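Working notes, structure below.
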Amino acid sequence: MSQQRQRRQYGFRGGIGCQQQEIHKPLRSRLFVYVRCLTGVCEIDDRIASFQSVPVNKSSRGPAQGSAGAVAERANFVCRGDLVRKLLAGVLIVLCVATVADFSVAAYAEYRYSRALRAASDLDFDPEVTITGFPFIAQAAGDDYEQIGITARGTDLGEGRRGDLRSRLSGVHRIGGDWVITESTQLRVDEVTGSLKIDSVNLGRFLGIEDLTVTTPAPEDKAGGGGPGDGILSSDKGIVLTGTVNLPDKGNSGHTTAPQRERVSVSADLSVRDGALRIDATSLYSGSADHVESDVADAEVPFVLAQFSQTLPVLPLPWSLRAVSAASQGSDVVVDGEPKPLVVTARDFLPGS
15 MSQQRQRRQY GFRGGIGCQQ QEIHKPLRSR LFVYVRCLTG VCEIDDRIAS FQSVPVNKSS
75 RGPAQGSAGA VAERANFVCR GDLVRKLLAG VLIVLCVATV ADFSVAAYAE YRYSRALRAA
135 SDLDFDPEVT ITGFPFIAQA AGDDYEQIGI TARGTDLGEG RRGDLRSRLS GVHRIGGDWV
195 ITESTQLRVD EVTGSLKIDS VNLGRFLGIE DLTVTTPAPE DKAGGGGPGD GILSSDKGIV
255 LTGTVNLPDK GNSGHTTAPQ RERVSVSADL SVRDGALRID ATSLYSGSAD HVESDVADAE
315 VPFVLAQFSQ TLPVLPLPWS LRAVSAASQG SDVVVDGEPK PLVVTARDFL PGS
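Residue numbers (the working numbering): 15 to 367.
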């Protein structure tokens, strides 16, 4: 009995985190505080409140009473800070959900427009469609789109030859219809650009040179030109075409033999004539760009250059744009159309297909 009386007089049992432990302090500093931090909420045991509600003579207040008030104030501060953190976390979650929802709706709209373009133009593959601008939902609700990019890869150019049709629609206004762009949806566009990219393999099929490669040399007056910092080089003059062509028949035998062939590199210029790509080989190439050295007699050079010099048939451009220029881009050749404002539907992307 004396031990229990002494424990009641000089100590109390405290519980923190569901664990109890004996705390010995003077009688005047007894305070049972139970702090529970579950689900991020701090609770102060009711005994603190009852302790604080008892009128205390300020002149007789001891250190233990002052520390009890400090504990309660600290607990309230922690609870307020936790509430702010929860509020910020909630706002971030809402923003993330809204962003994901906006991108999902935009992806669905891009998919539907891609399918409409493929069906209307009889394309072999779904074109890549990118609708820029954020948030997309606000653009769709207002019938206005900042920009729409379209790339139709592997478009059939006839006789097994293919190219990539690319277009950019800037300042797009949807004329009526649903927010999903379909085959019949009219778009009024401030500026429509379009181009056709032909890689070296398909260009070789046009020229009849099966192993043709295209190289865009770096500017000769630029030290270190052609490095990664230059990006994709582009030029319409002095591009390098390399391929295996026939040499002229010397006519020194009386029977027919297979023509002699030689792999050569030539310098060529690109242009557009009456809407068609024109390639003019000007000379054998002997510069610093990647090329092959060949043993071609001077008398044979014109015959060799003629096999690289051709005017291709008029090739289709997006939205029936008129071709106005051509240039190489790295190892590809690009024919650009003349930009202009248009009112279009998906059926106008590749008419006559």
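From the three backbone atoms N, C-alpha and C, an ideal C-beta is built for every residue, glycine too. Computed from a prediction, not measured in an experiment: that's the story for all the values here.
Nearest residue (CA-CA) to G208, options G344, G366, A340, S345
On the sequence shown, position 194 is the one that residue 208 refers to. For the residues G344, G366, A340, S345, the minimum Cα distance to G208 belongs to A340.
Reference G177, options V347, L356, I189, L226, closest by Cα:
Sequence index remark: in the sequence shown, residue 177 carries index 163 (1-based). That would be V347, whose Cα lies nearest to the Cα of G177.
Specify, as a first and last residue, the run of the beta strand (DSSP E) that G257 falls within.
For the purposes of this step, residue 257 is taken as the residue at position 243 of the sequence shown. Its beta strand (DSSP E) spans residues 253-260.
Which two residues bound the contiguous beta strand (DSSP E) that contains P355?
Reading the sequence shown from its first residue, position 341 is the one you call residue 355. Here the beta strand (DSSP E) through P355 covers 354-358.
So is V111 in contact with chain D if we call contact Cβ pairs under 9 Å?
Judged by its chain identifiers, the structure shown contains no chain D, having just a single protein chain.
Go to R188, then tell me how far its beta strand (DSSP E) extends in each direction, as first and last residue.
Counted from its first residue, the sequence shown places residue 188 at position 174. 175-189 is the extent of the beta strand (DSSP E) around R188.
Between the C-alpha atoms of A152 and A112, what's the straight-line distance to the nearest angstrom?
To locate residue 152, count along the sequence shown from 1; it is residue 138. To locate residue 112, count along the sequence shown from 1; it is residue 98. Distance between the alpha carbons of A152 and A112 is about 12 Å.
Reduced DSSP secondary structure (H/G/I, E/B, other) of K264
Along the sequence shown, one-based indexing puts residue 264 at 250. Correct three-state label for K264: coil.
In three-state DSSP terms, what is A272?
The count along the sequence shown starts at 1 and reaches residue 272 at position 258. Coil at A272, not helix or strand.
Between the CA atoms of C110 and E142 - distance to the nearest angstrom
Residue mapping note: residue 142 aligns to position 128 of the sequence shown, counting from 1. Residue mapping note: residue 110 aligns to position 96 of the sequence shown, counting from 1. The alpha-carbon atoms of E142 and C110 are separated by roughly 26 Å.
According to DSSP, L97 sits in a beta bridge with which residue or residues?
For the purposes of this step, residue 97 is taken as residue 83 along the sequence shown, with counting starting at 1. Bridge pairing for L97: absent [DSSP].
Compute the beta-carbon to beta-carbon distance between G163 and R132, rounded to the nearest angstrom, for a pair I have assumed lies under 8 Å.
Translated into positions along the sequence shown, residue 163 becomes position 149. Translated into positions along the sequence shown, residue 132 becomes position 118. G163 to R132, Cβ: 16 Å. No contact.
Pull up the DSSP beta-bridge partners for D1, would you.
Coverage of the chain is limited to positions 15 through 367, which leaves residue 1 absent and any answer about it impossible.
Quick check on A303: does DSSP put it in helix, strand or coil?
Position 289 of the sequence shown, counting from 1, holds the residue named residue 303. A303: coil per DSSP, three-state reduction.
Sub-9 Å separation of Y299 and S279 beta-carbons
As a working note, residue 299 is residue 285 in the sequence shown. As a working note, residue 279 is residue 265 in the sequence shown. In contact: Y299 and S279 (Cβ atoms closer than 9 Å).
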